[in-house]
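S.K.:
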Amino acid sequence: MVKAVVGANWGDEGKGKITDMMAENADIIVRFQGGANAGHTIVNEYGKFALHTLPSGVFYDHTTSIIGNGVALNIPVLFAEIQSITEKGVPAPKLLVSDRAQIVMPYHILFDQYEEERLGGKSFGSTKSGIAPFYSDKYAKIGIQVSDLFDEALLLEKLERVCVTKNVILEHLYHKPLLKPEELLATLREYKEMVEPYVCDVSLYLHKALKEDKTVLLEGQLGTLKDTDHGIYPMVTSSSTLAAYGAIGAGIPPCEIKQIVTVCKAYSSAVGAGAFVSEIFGEEADELRRRGGDGGEYGATTGRPRRMGWFDCVASKYGCRLQGTTDVAFTVLDVLGYLDEIPVCVGYEIDGEVTTDFPVTHKLEKAKPVLETLPGWKCDIRGIKKYEDLPENCRGYIEFIEKKIEYPITMVSNGPGRADIIYRKSPLKQTES
Numbered sequence: 496m497v498k499a500v501v502g503a504n505w506g507d508e509g510k511g512k513i514t515d516m517m518a519e520n521a522d523i524i525v526r527f528q529g530g531a532n533a534g535h536t537i538v539n540e541y542g543k544f545a546l547h548t549l550p551s552g553v554f555y556d557h558t559t560s561i562i563g564n565g566v567a568l569n570i571p572v573l574f575a576e577i578q579s580i581t582e583k584g585v586p587a588p589k590l591l592v593s594d595r596a597q598i599v600m601p602y603h604i605l606f607d608q609y610e611e612e613r614l615g616g617k618s619f620g621s622t623k624s625g626i627a628p629f630y631s632d633k634y635a636k637i638g639i640q641v642s643d644l645f646d647e648a649l650l651l652e653k654l655e656r657v658c659v660t661k662n663v664i665l666e667h668l669y670h671k672p673l674l675k676p677e678e679l680l681a682t683l684r685e686y687k688e689m690v691e692p693y694v695c696d697v698s699l700y701l702h703k704a705l706k707e708d709k710t711v712l713l714e715g716q717l718g719t720l721k722d723t724d725h726g727i728y729p730m731v732t733s734s735s736t737l738a739a740y741g742a743i744g745a746g747i748p749p750c751e752i753k754q755i756v757t758v759c760k761a762y763s764s765a766v767g768a769g770a771f772v773s774e775i776f777g778e779e780a781d782e783l784r785r786r787g788g789d790g791g792e793y794g795a796t797t798g799r800p801r802r803m804g805w806f807d808c809v810a811s812k813y814g815c816r817l818q819g820t821t822d823v824a825f826t827v828l829d830v831l832g833y834l835d836e837i838p839v840c841v842g843y844e845i846d847g848e849v850t851t852d853f854p855v856t857h858k859l860e861k862a863k864p865v866l867e868t869l870p871g872w873k874c875d876i877r878g879i880k881k882y883e884d885l886p887e888n889c890r891g892y893i894e895f896i897e898k899k900i901e902y903p904i905t906m907v908s909n910g911p912g913r914a915d916i917i918y919r920k921s922p923l924k925q926t927e928s
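Quick note on the numbering used here: the sequence shown kicks off at 496 and runs consecutively.
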């Protein structure tokens with residue numbers, strides 16, 4: 496059976512915790528897209544970790560962690576990450592890397608930095624991890640696959656061709672030092688030595704695992720609103736963040752994906768530029784940011800302060816619909832316990848008309864939030880294990896949002912730890928089944 500854990504919004508929803516939790520009952524966890532440009536924060540018995548490439552189920556002895564073909568693979572970052580967890584007492588992970596995964600090259604990171612520098616105030620808010628140049632090269636068919644590392648003559652030929660085009664841009668657009676094929680080849684020899692023990696035909700491995708009734712967990716990066724096609728284009732990431740892409744990025748048939756857990760935060764946050772209708776500012780935002788998450792709302796990879804906002808029912812309903820949601824995991828609910836009243840964005844006003852359907856980007860830029868205010872519960876809900884033990888106003892908040900987004904909230908996270916989860920039988924889930 497294949498399950499997917501994906502995000503409904505801008506990313507930073509708490510997917511890492513949900514993946515870590517669900518991995519207890521999984522055999523294999525697969526990262527299927529994205530690169531080291533975003534991270535998942537995990538809190539467990541080993542401590543607190545920010546993972547960037549490794550799947551979030553890497554902390555269990557019984558799991559195999561896979562880097563799928565859809566991932567932007569930064570090899571030194573991956574191995575630095577493995578070292579960072581093993582240094583804290585985590586057993587060395589059982590890791591497999593797809594021979595069809597493509598490699599983030601040193602020049603991808605340089606080009607990302609140079610382009611953001613060139614754009615100045617009109618930049619895309621990149622993390623400068625090389626992701627856009629990487630995917631650009633992948634689809635221009637000049638990328639380097641892991642399998643290319645094992646044919647040096649072919650590899651040098653590819654590098655020489657790449658350097659011709661890259662050096663024209665470096666010289667005439669960016670006015671930066673030129674690339675040398677021999678230096679790149681020496682770097683890739685080092686990469687080969689690092690990754691060689693882990694390389695395999697991942698698609699075939701998963702095919703055999705599914706025949707043996709293994710449970711496979713697909714872990715997505717970012718969320719629906721950062722999807723290249725369906726997000727707030729052009730302020731998006733460079734790969735598909737949807738569960739549907741999990742089939743492609745892991746190399747499995749789409750019909751194998753039976754459960755799609757879409758993660759929603761109990762409020763909104765975003766890192767980077769782009770439309771964010773329910774955004775709040777000033778002291779109101781600062782306080783929510785300070786209280787949020789585990790140690791505050793700051794990017795797991797970049798450390799950048801996240802932009803803050805109230806829960807957005809319009810964006811979340813859209814995000815869940817695009818993901819094909821079977822279950823919603825509702826996270827960081829405990830953070831809101833300080834509020835007397837909690838605003839919720841239930842619609843967008845655009846040119847004098849109110850809509851509950853998520854629009855295209857140019858309309859989104861004009862949207863103003865339509866807010867409804869719900870009473871707060873004014874207490875700490877950490878440690879509660881049963882849904883019926885939550886304060887009445889807290890349950891009212893969950894049920895109000897569930898009705899607005901039209902997808903069943905079956906998991907409620909009320910703390911950062913693996914065990915801080917409440918399972919719930921949603922009326923919507925019962926109706927569906």
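Cβ atoms here follow ideal geometry from the backbone N, Cα and C, with glycine treated the same way.
Since this is a predicted model, take the numbers as computed values, not measurements.
Excluding the 5 residues flanking Val-599 on each side, which residues of the same chain have their C-beta closer than 7 Å to its C-beta?
M.R.: As a working note, residue 599 is residue 104 in the sequence shown. Hits under 7 Å: Gly-530, Ala-567, Leu-568, Asn-569, Gly-625 and Phe-629.
S.K.: Rounded to the nearest angstrom, what separates Phe-776 and Met-803 at their Cα positions?
M.R.: Indexing the sequence shown from 1 puts residue 776 at position 281. Indexing the sequence shown from 1 puts residue 803 at position 308. Their backbone Cα atoms lie some 7 Å apart in a straight line.
S.K.: Around the Cβ of Thr-536, are there at least 16 other Cβ atoms within 10 angstroms (buried) or fewer (exposed)?
M.R.: Residue 536 sits at position 41 when you count from the first residue of the sequence shown. The residue in question, Thr-536, is buried, as its Cβ has 16 or more Cβ neighbours within 10 Å.
S.K.: Between the segment 835 to 851 and the segment 778 to 785, do at least 3 Cβ pairs fall closer than 8 Å?
M.R.: No, the segment 835 to 851 is not in contact with the segment 778 to 785.
S.K.: Contact defined as beta carbons within less than 8 Å: I believe Val-758 pairs with Glu-519. What is the distance between those atoms, to the nearest angstrom?
M.R.: Locating residue 758 in the sequence shown gives position 263, where the first residue counts as 1. Locating residue 519 in the sequence shown gives position 24, where the first residue counts as 1. Incorrect: roughly 17 Å between the Cβ atoms, too far for contact.
S.K.: What alpha helix (DSSP H) runs, 4 residues minimum, are completely inside the segment 559 to 637?
M.R.: Correct list: 570 to 581, 601 to 614 and 626 to 634.
S.K.: Could you work out which residue in Thr-514, Leu-651, Tyr-843 and Arg-613 is closest to Pro-676 when comparing CA atoms only?
M.R.: By 1-based counting over the sequence shown, the position of residue 676 is 181. Comparing Cα-Cα distances from Pro-676 to each of Thr-514, Leu-651, Tyr-843 and Arg-613, the minimum goes to Leu-651.
S.K.: Going by the beta-carbon positions, is the gap between Gly-929 and Ala-738 smaller than 7 Å?
M.R.: The requested residue 929 is not part of the displayed model; the chain covers only 496 to 928.
S.K.: At which residues does the alpha helix (DSSP H) containing Gly-891 begin and terminate?
M.R.: Within the sequence shown, residue 891 is the residue found at index 396, counting from 1. That run of the alpha helix (DSSP H) goes 887 to 900.
S.K.: With the cut-off set at 7 Å, would you say Gly-718 and Thr-732 are in Cβ contact?
M.R.: Counted from its first residue, the sequence shown places residue 718 at position 223. Counted from its first residue, the sequence shown places residue 732 at position 237. Result no, Cβ atoms of Gly-718 and Thr-732 do not sit closer than 7 Å.
S.K.: Work out the CA separation of Pro-749 and Tyr-609 for me, nearest whole Å.
M.R.: The residue labelled residue 609 in the question sits at position 114 within the sequence shown. The residue labelled residue 749 in the question sits at position 254 within the sequence shown. So the two alpha carbons sit approximately 38 Å from each other.
S.K.: Please go through the same chain and pick out, in chain order, the residues whose beta-carbon is closer than 6 Å to the beta-carbon of Val-553, but skip the five residues on each side of it.
M.R.: Here the question's residue 553 lines up with position 58 in the sequence shown. Cβ neighbours of Val-553 beyond the five flanking positions: Ser-560 and Pro-588.
S.K.: Give me the residue from Lys-899, Met-906, Phe-771 and Gly-891 with the minimum Cα distance to Glu-836.
M.R.: By one-based count along the sequence shown, residue 836 stands at place 341. For Glu-836, the nearest C-alpha among the options comes from Gly-891.
S.K.: Between Leu-665 and the rest of its own chain, which residues show a CB-CB distance below 6 Å, the 5 nearest in sequence each way excluded?
M.R.: Along the sequence shown, one-based indexing puts residue 665 at 170. The residues are Lys-671 and Leu-673.
S.K.: Over the uninterrupted beta strand (DSSP E) stretch that includes Cys-759, give me the two end residues.
M.R.: Position 264 of the sequence shown holds residue 759. Start and end: 752 to 760.
S.K.: Run through DSSP, which three-state label would Ala-648 get?
M.R.: Within the sequence shown, the letter at position 153 stands for residue 648. Three-state DSSP puts Ala-648 in a helix.
S.K.: Quick check on the DSSP output: what are the complete alpha helix (DSSP H) runs of length 4 or more inside the segment 711 to 786, in order along the chain?
M.R.: Counting only runs of 4 or more, we get 738 to 745 and 777 to 786.
S.K.: What residues in its chain sit with their C-beta under 6 Å from that of Ile-639, if we drop five residues either side in the sequence?
M.R.: As a first step, residue 639 must be located in the sequence shown, where it is residue number 144. Here the set comprises Ile-598.
S.K.: Using a 10 Å radius around the Cβ and a threshold of 16 neighbouring Cβ atoms, would you call His-557 buried or exposed?
M.R.: For the purposes of this step, residue 557 is taken as the residue at position 62 of the sequence shown. Answer is exposed; the Cβ neighbour count stays below 16.
S.K.: Measure the alpha-carbon distance for Glu-901 versus His-702 and round it to whole angstroms.
M.R.: Indexing the sequence shown from 1 puts residue 901 at position 406. Indexing the sequence shown from 1 puts residue 702 at position 207. Straight-line Cα distance between these residues: approximately 34 Å.
S.K.: Between which two residues does the alpha helix (DSSP H) containing Pro-676 stretch?
M.R.: Translated into the one-based positions of the sequence shown, residue 676 becomes position 181. Where Pro-676 is concerned, the enclosing alpha helix (DSSP H) stretches over 676 to 690.
S.K.: For Val-809, count neighbouring C-beta atoms within 10 Å of its own C-beta (all shown protein chains included) and say buried if the count is 16 or more, exposed if not.
M.R.: Position 314 of the sequence shown holds residue 809. Buried, since its Cβ has 16 or more Cβ neighbours within 10 Å.
S.K.: What number of angstroms, rounded off, separates the C-alpha of Ile-604 from the C-alpha of Ala-627?
M.R.: On the sequence shown, residue 604 is found 109 positions in, with the first residue counted as 1. On the sequence shown, residue 627 is found 132 positions in, with the first residue counted as 1. Near 9 Å, if we compare the C-alpha coordinates of Ala-627 and Ile-604.
S.K.: Taking the C-alpha atoms as reference points, what is the distance between His-667 and Leu-614?
M.R.: Within the sequence shown, the letter at position 172 stands for residue 667. Within the sequence shown, the letter at position 119 stands for residue 614. Going by the C-alpha atoms only, they are around 16 Å apart.
S.K.: Smallest Cα separation from Arg-816: which of Thr-826, Lys-706, Val-756 and Ala-761?
M.R.: Position 321 of the sequence shown, counting from 1, holds the residue named residue 816. The residue with the shortest Cα to Cα distance from Arg-816 is Val-756.
S.K.: Can you give me the C-alpha to C-alpha distance between Ser-593 and Gly-563, rounded to a whole angstrom?
M.R.: Taking the first residue of the sequence shown as position 1, residue 593 is located at position 98. Taking the first residue of the sequence shown as position 1, residue 563 is located at position 68. Cα to Cα, the separation comes out at about 5 Å.
S.K.: At the level of alpha carbons, what is the spacing between Pro-854 and Arg-656?
M.R.: The residue you call residue 854 lines up with position 359 of the sequence shown. The residue you call residue 656 lines up with position 161 of the sequence shown. C-alpha separation (whole angstroms): 42 Å.
S.K.: In three-state terms, what does DSSP make of Met-906?
M.R.: Stepping through the sequence shown from its first residue, residue 906 is reached at position 411. Strand at Met-906.
S.K.: What's the call for Glu-897, buried or exposed, on a 16-neighbour Cβ count within 10 Å?
M.R.: If you number the sequence shown from 1, residue 897 lands on position 402. Classification for Glu-897: buried.
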